[in-house]
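Throughout the sequence shown, residue numbering follows the working numbering, covering 805 to 905 in sequence.
For each residue, glycine too, the CB sits at the ideal point set by N, CA and C.
For clarity, every value in this text was computed on a predicted model and none was experimentally measured.
See structure below.
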Amino acid sequence: MTEWSTIEDIERIMLKELREAAGAQDAPGYVFWGVTPEELLLSLKQFTEEVRLSPAQRAGVRALMARARKRGYTVVAILFVGDRAYFQGRRVRLVAPEIRA
805 MTEWSTIEDI
815 ERIMLKELRE
825 AAGAQDAPGY
835 VFWGVTPEEL
845 LLSLKQFTEE
855 VRLSPAQRAG
865 VRALMARARK
875 RGYTVVAILF
885 VGDRAYFQGR
895 RVRLVAPEIR
905 A
């Protein structure tokens, strides 16, 4: 059976689960996605280049990228609590809506 969700629902669920696991309800979280795993990895790479991260946070994102590549994730959530990075990934088939004129 196919289950349908919006990307916003997936983002909300993933960040909620990470915040509960980390015990940090107000920690900043980020969600990245790509139609393909390669698009996701490009998005994560750009994030590490454009956002000021501590060396420990950067190492956490690199570890996530390796895991995402290996498992074929298309959506990942990252939660930073101090220098620690918590993350969760999922392989989700993203479908663009059809727009009719």
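### Query
Ends of the beta strand (DSSP E) at residue 892?
888-894
### Nonlocal neighbours in the same chain, by C-beta distance under 7 Å from residue 884, ignoring five residues either side
Cβ contact annotation for residue 884 (same chain, cutoff 7 Å, sequence separation greater than five): 831, 832 and 861, in chain order.
### Message
Taking 8 Å as the cut-off, does the segment 875-895 touch the segment 811-824 (at least 3 CB pairs, one atom from each stretch)?
### Response
yes
#### Entry: Spatially closest choice to residue 826 from 898, 892, 897 and 896, by CA coordinates
892
### Query
Does the distance from the CB of residue 844 to the CB of residue 877 come in under 8 Å?
yes
### Query
Between residue 898 and residue 858, what straight-line distance do the alpha-carbon atoms span, to the nearest angstrom?
31 Å
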